[in-house]
Each structure stands twice: as C-alpha cells, then as structure tokens.
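Engineer:
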Amino acid sequence: MKPALFKYAKPRSLEAALECLAAYGDEAKVLAGGQSLLPIMNFRLARPAVLMDLSAVPGLADISVENGSVRVGSMVRQRDAELSERLQRVCPLIPRALKHVGHVQIRNRGTIGGSIAHADPAAELPAVVAALGAEVVALSLRGERRFRGSDFFAGPMSNVLDPDEIVVRIDFPNCEGMRSEFLEVARRGGDFAIVGVAASASWDGAGKRLSRVGIAAMGVGGTPVRLGAVEQLLEGSPLDDGLIAQAADAAAATIDPPVDVHADSASRRQILRALVDRIIRRVAT
Amino acid sequence: MSTDQVTEAVETVAVECTVNGRVVSRHVPARRLLVDFLRGDLGLTGTHVGCEQGICGACTVVVDGAAIRSCITLAVQADGSTIRTVEDLSEDGELNDLQSAFKMSHALQCGFCTPGFLMTLTAADPDEYPTDGDIRELLSGNLCRCTGYQKIVDAVHESWGRP
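Chains A and B supply the protein sequences, listed in that same order. Numbering of the first sequence is given in our numbering, commencing with residue 1 and proceeding in unit increments. Numbering of the second sequence is given in our numbering, commencing with residue 1 and proceeding in unit increments.
1) Between A/V283 and A/L227, which are expected to be in contact by the criterion C-beta below 8 Å, what is the C-beta distance as a whole number of angstroms?
2) Can you give the Cα-Cα distance for A/I40 and A/R77, rounded to whole angstroms?
3) Just the C-alpha distance for A/A199 and A/D240, rounded to the nearest angstrom, thanks.
4) With a threshold of 8 Å between beta-carbons, can B/L212 be considered close to chain A, or not?
5) B/D127 to A/A154, Cα distance in whole Å?
6) Counting only Cβ-Cβ distances shorter than 7 Å, please list the residues of the segment 188 to 202 of chain A near chain E, keeping chain order.
7) Would you give the residue range spanned by the beta strand (DSSP E) that A/S138 belongs to?
8) Taking 7 Å as the limit between beta carbons, can you name the residues of its chain near B/R136, skipping five residues before and five after?
9) How many angstroms separate the CA atom of B/R140 from the CA atom of A/G207?
10) Do you know offhand how far B/S2's Cα is from A/A16's?
11) Kindly list the residues whose CB is nearer than 6 Å to the CB of A/G33, restricted to its own chain and excluding five residues on each side of it in sequence; keep chain order.
12) I'd like to know if A/E19 contacts chain B, where contact means its C-beta is closer than 8 Å to some C-beta of that chain.
13) On the three-pair Cβ rule with 8 Å, is the segment 70 to 79 of chain B touching the segment 141 to 151 of chain B?
14) State the DSSP-derived secondary structure class of B/H27, mapped to helix, strand or coil.
15) Whose C-beta lies closer than 7 Å to the C-beta of A/V213 among residues of the same chain, with five residues either side of it excluded?
16) Assuming A/D164 contacts A/G25 (C-beta within less than 8 Å), just tell me the rounded distance between them.
17) Tell me whether A/I279 sits in a helix, a strand or coil according to DSSP, three-state version.
18) Could you name the residues of the segment 80 to 109 of chain A whose beta carbon sits closer than 7 Å to any beta carbon of chain B, in the order they occur along the chain?
19) When you check each C-beta in the segment 50 to 62 of chain B against every C-beta of chain A, which residues fall closer than 9 Å?
20) Below 7 Å on C-beta distance, what does A/A9 contact in chain B?
21) Which chain B residues are close to A/N42, counting only those with a beta carbon under 8 Å from its beta carbon?
22) Relative to the alpha-carbon of A/I170, which residue among A/V136, A/R188 and A/A263 has its alpha-carbon at the smallest distance?
23) With three or more C-beta pairs closer than 8 Å as the rule, is the segment 43 to 53 of chain B touching the segment 82 to 95 of chain A?
24) Looking at the strands, I want to know which residues DSSP matches up with A/W203.
25) Roughly how far, in whole angstroms, is the beta-carbon of A/R185 from the beta-carbon of A/L275, given that I think they are within contact range, below 8 Å?
26) Looking at C-beta atoms only, is the number of pairs between the segment 9 to 20 of chain B and the segment 28 to 42 of chain B that lie closer than 8 Å three or more?
27) Does the separation of the CB atoms of B/V15 and B/C71 fall below 8 Å?
28) Could you spell out where the alpha helix (DSSP H) holding A/A251 opens and where it closes?
29) Need the endpoints of the alpha helix (DSSP H) that A/I63 sits in, please.
30) Give me, in chain order, the residues of the same chain whose beta-carbon lies closer than 8 Å to that of A/P48; leave out the 5 immediate sequence neighbours on both sides.
31) Name, please, each residue of chain B whose Cβ falls closer than 8 Å to the Cβ of A/G34.
32) Going by beta-carbon coordinates alone, are A/A217 and A/G196 separated by less than 8 Å?
33) Tell me whether the segment 174 to 191 of chain A and the segment 142 to 149 of chain A touch, counting them as touching only if at least three CB pairs, one residue from each stretch, are closer than 8 Å.
34) For A/C175 and A/R96, I'd like the C-alpha separation in whole angstroms.
35) Anyone know if the C-beta pair for A/A22 and A/S150 falls short of 8 Å?
36) Distance check for B/G21 and B/E91, CA to CA, integer angstroms please.
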C-alpha cells in the first residue's frame, strides 16, 4: 500500500502553479494537505502521473474579513482555522464543524480548500459551504470562476472544476452575532459522518423567530444537501414544537439518501429528522 | 510575473530536514512516504507502519511542533522541516518522564502503538487538555489493540500530574 510512481512539482508562485496545471491537464492532481489524497493514492485508487504541491505558493493561507465576507485561503490548515479567534467570532460554524474532522493529527496537515475540493458527501466542510452559501473561488490561466454553495459539488468526490483550475479561496458570509451549530452521527468520533447537519441563523429571542437561516446535511446524498424547504419554513416564523416537527419532516422528505454498509435509507431519514429537530432547538436558545 | 518554463515535475527530489536534532540530506523518490524515509533511509524504526491510511496513529511523529501522520505524508513534504521521532525522547539512554509513566502504568503490551501515542502526547500542551475527557479526546486519534486504553490514560494522568 504505497503510492504508484509519479512525478512531483513544487511551483513557487501562483502563476507557476497555474502554468503547471495548464501544461499537465488531467494528468496532474493538486496536493494541498494530502490527508484525503494520500490515503487514496496509498490504496492506488488514484494514480496521478503528476502531483503538484501547493505548499510553496505564497498568499493562499490568509484569513481576512472584507466587505462583509470572511475570506479563507484554500491552504489554511484546518487546525489553524479551528483555533482561529477571528473565525470563532465572524464565522463560528467553521471551527464548530472542524472539531468533527478526523483527529488533531489530520487537522494539523489537512487544509480548508483541500477538504472542500475533495467533495466527500459525508465530509463536514462541504456541508458548511452548502449551508452558508459560501463562494468557492477558483483560478486558472483562463481567469477566475466562482461557485456558490452546493453548485460547487458535482457528485461523490467530484467537483465542477476543470483540470487546470485551483481553488484559491473560499468566501464565507460574515456571521458575526449569529448562532451556529454542527451535529454529526458517526460510529466513532472522528469517523466520517453517517448523517450530519450544519446550521447557522440569527435568533430573535423576544419574538422567538429564526432568520437568515442556512442549513445543510451531509451523508444524505451524493453531495451535501442544502435543506431549502426547512429554511423556508423557519424563516421569520414564530418557533414552536409544531413548526420544528414540520421542519424536521420536511428535511426527511427532501432527501434521497444512499444505502451502504453503515445505514439504509430509512435509517438515514430517521437520523436526519432527529438531527434537524435537535439542531433547530440548539440554535434557537 | 510569468515564468519562462513550466515548473518541472520530477521523480526524484532533494530533501533536507532536521531529524532528532541532526540535519539530513537525501535524494528520495517523490513517492516515498515519510514513514518509510524515517524507517528505511534513516534507520529510525521506532515509528511504525500500521494502516497506511492515517487512521491508526502508529506512524505519528512530530513535524515543526505538530503531531502528524507520517504514513500519509510524503518525504518530500518534509523538506525544510524539523522532525522528532520516538527515538528523540529518551535522555542519555534513560526513559524520559512520559516514557517512565507509560512503563509504570503498564500502558503498553506489544508496544506497536506506543511510539504514536508518545509523539501525540509530546506535541500536546497539557494546559489545553485540562480534563480526563480532554485527554481521551486527544488520544482518540491513536488506536491500541492490547491495553484497553485505561492504562494509557492513567500514564498521562501520572505524567501530567493529574489526580
């Protein structure tokens, strides 16, 4: 279980990286943290002819707040994002979700952009992108393209990028002052989720209303699923047990979950229903 | 700024890093895993190969102060880094405090997982793990098949001066 033979490139600038990818096309895979790619290469499920290491390209690991959006560089290490006081303040859903990603040793190397680009439908960060409608910013020699939320994901382990494109940044909405919560069911802590839910909203305690609701589920389809029906039900409506039950039912009805060794469709629907009920109550406090 | 030629992709790469205080320079195949570089090229066989997927933690070493999985890291990714392996823990041939605590608490049987646990703990700041639950969470990324974990937790409590 060692990787097959490949050639390794380590560009020292973004321009050089884009030129490298343009030259090698779909023969090349981008190496960010490698925490998803290397296991797959060790299994030889992926055998790229060229591995292009992004770690020497400057300017991809910044976190900044600009014009109401929280810009997270694609090479920001997951552990740095998890511990970032700035993110805790302006986009707390990200550090919350990261606590469920693997173990600390994985998060020390894994990157925000790498996990999102890897597009595992049971992974945490893609669900956060979907829930918040975050914009994934991709560059190639041909220019910049942006994808909002779920639009970035095409299917299991598949995103919409062309082979010559790199994710350079993800722009999240500024959620300062809002509530967020992340819930996941897995066999063991650190495992991939069987089902998980990410939620962000503003809570008006006096009127008992949620607004600016963003909620998405993972492990319930080939990509993270934004639960638009749930958001519409909750938006601006006075919250009570009846509405919460209605929202949870709507979530279960929305999804067409996969069947695998971990759970069947009925179980996934049941788990999602319970998690949506629980997450609404947690956010609305 | 544009480059005159595309960054070359090569099969063999020069790697220079500091391992257990010593600077090492080697030319390695790009596909060589860091764990195999440490064990094979440098003869540091204290780091163990378990799952080669990043799950079991037996391969855990400390790179630039952080605990990482050497089985899903390429040797070339360690260029320019400072690496510590389990061989670096003993002082003048004597077990250090953490190792002694493992020994006294019977926190190892076959010993295969032990270097991984030791390096995870070596990289950790005890102040960030104040409770027993925090310690167990920290250790959750290292699997042990022999001890049932309680003795390992006991060793950490002993080493970190916890009740």
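C-beta: ideal position from N, C-alpha, C; glycine also. None of the values given here were measured: they were computed from a predicted structure.
Structural biologist: Let me spell this out:
1) A/V283 to A/L227, Cβ: 13 Å. No contact.
2) 20 Å
3) 18 Å
4) Summary: the structure shown does not reach residue 212 of chain B, with chain B confined to residues 1 through 163, and so no result is reported for it.
5) Cα to Cα, the separation comes out at about 43 Å.
6) The structure shown contains no chain E; its protein chains are A and B.
7) The sequence shown places Ala at residue 138 of chain A, rather than the Ser named in the question. That run of the beta strand (DSSP E) goes E135 to S140.
8) V153
9) Note that residue 140 of chain B is Ser in the sequence shown here, rather than Arg. Distance between the alpha carbons of B/S140 and A/G207: 42 Å.
10) Confidence at B/S2 is low in this model, with a pLDDT of 46, below 50, so its placement is unreliable and no value can be given for it.
11) For A/G33, the CB contacts under 6 Å within the same chain, skipping 5 residues up- and downstream, are R109, G110, T111 and G114 in chain order.
12) yes
13) The segment 70 to 79 of chain B and the segment 141 to 151 of chain B do not touch, with fewer than 3 CB-CB distances between them shorter than 8 Å.
14) strand
15) A201, E231, L234 and E235
16) 6 Å
17) helix
18) The residues in question are H103, V104, Q105, I106, N108 and R109.
19) C51, E52, Q53, G54, I55, G57 and T60
20) T7, E8 and A9
21) At a beta-carbon threshold of 8 Å, the residues of chain B lying near A/N42 are L33, E52, Q53, C71 and I72, ordered along the chain.
22) A/V136
23) The answer is no - the segment 43 to 53 of chain B does not touch the segment 82 to 95 of chain A, with fewer than three Cβ pairs under 8 Å.
24) A/L210
25) Just to set this straight, residue 185 of chain A is Val in the shown sequence, not Arg. Correct: roughly 7 Å between the Cβ atoms.
26) The segment 9 to 20 of chain B is in contact with the segment 28 to 42 of chain B.
27) no
28) D241 to T254
29) Taken as a continuous stretch (DSSP letters only), A/I63 belongs to no alpha helix (DSSP H), being part of the beta strand (DSSP E) at I63 to E66.
30) F6, E27, A28, K29 and M41
31) I72, T73, L74 and Q77
32) yes
33) Taking 8 Å as the limit for Cβ pairs, the verdict is that the segment 142 to 149 of chain A does not touch the segment 174 to 191 of chain A.
34) 13 Å
35) no
36) 13 Å
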